[in-house]
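Below is one structure, written out as structure tokens, with a few remarks after it.
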Amino acid sequence: MAAALPGCKIIKTPTAEEKAAAAAKTAFDPNAKVEAIWQSEAVPYFEKRAGDLKDVMQLSASSPDAAGEKYGNPRKQSSSPWTYAVKITGKVVAADTASRAATLDVDADGDGKADAKVQIGPALRGTALRDTLDFVNFNEFKNQIEWAQFGKAFNEKANT
């Protein structure tokens, strides 16, 4: 007796190696994504957007939203705090290099007191670099894990 199965199709079950190869082709590579935008978009963005520390501090004290529009990411979520792009020139008054998250305290106004703490790494904490960019959006990523991996890769690239 023979049975006909119209509308059915036999499909080969992929081997573990075939599954791994297919996954590798579509796997998210945060380092490649950062590398693709670093020179062409990120560096010019920070060069254009960053304000002198003194100017950013003054404007953010009087109007955080105005400072954010000028020096931050105006597309941030309304409940998120502002992240400002700043540049600083000054004298290093202290250094903490005991951990991988090393920092420098910088005096920008000549009073001998630190005006800013600058992360020098090799480990950078937080995602301020990623979060300042107005051309990168969480919705471009598959999930929170990819978004976090991109932030980490961005920090690593900044430290090279």
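In the UniProt record's numbering, the protein residues as written are 1 to 160. Note that the Cβ used here is the ideal one computed from N, Cα and C, for glycine as well. Note that the coordinates shown come from a computational prediction; the quantities given were computed from them, not determined experimentally.
Three-state class that DSSP yields for residue i in the structure shown
| i | result |
| --- | --- |
| T15 | coil |
| V34 | helix |
| K87 | strand |
| G68 | helix |
| G51 | strand |
| V56 | helix |
| N73 | coil |
| N137 | coil |
Opposing strand residues paired with residue i [DSSP bridges]
| i | result |
| --- | --- |
| T103 | D96, Q119 |
For residue i, the first and last residue of its enclosing alpha helix (DSSP H)
| i | result |
| --- | --- |
| T132 | 128 to 132 |
| Q144 | 144 to 158 |
Supposed contact pair residue j and residue i - C-beta distance, whole angstroms, cut 8 Å
| i | j | result |
| --- | --- | --- |
| V86 | V43 | About 16 Å separates the two Cβ atoms, so there is no contact after all. |
| W147 | F135 | Going by Cβ atoms, the distance from W147 to F135 rounds to 15 Å, so no, they are not a contact pair. |
| G151 | T127 | 4 Å |
| F154 | R125 | In fact, because the Cβ distance is near 13 Å, the residues do not count as touching under 8 Å. |
| A66 | Y84 | Contact doesn't hold; Cβ gap of about 11 Å is too wide. |
*Decide yes or no for the touch test of the segment 105 to 118 against the segment 83 to 96: beta carbon pairs closer than 8 Å, at least 3 of them.*
yes
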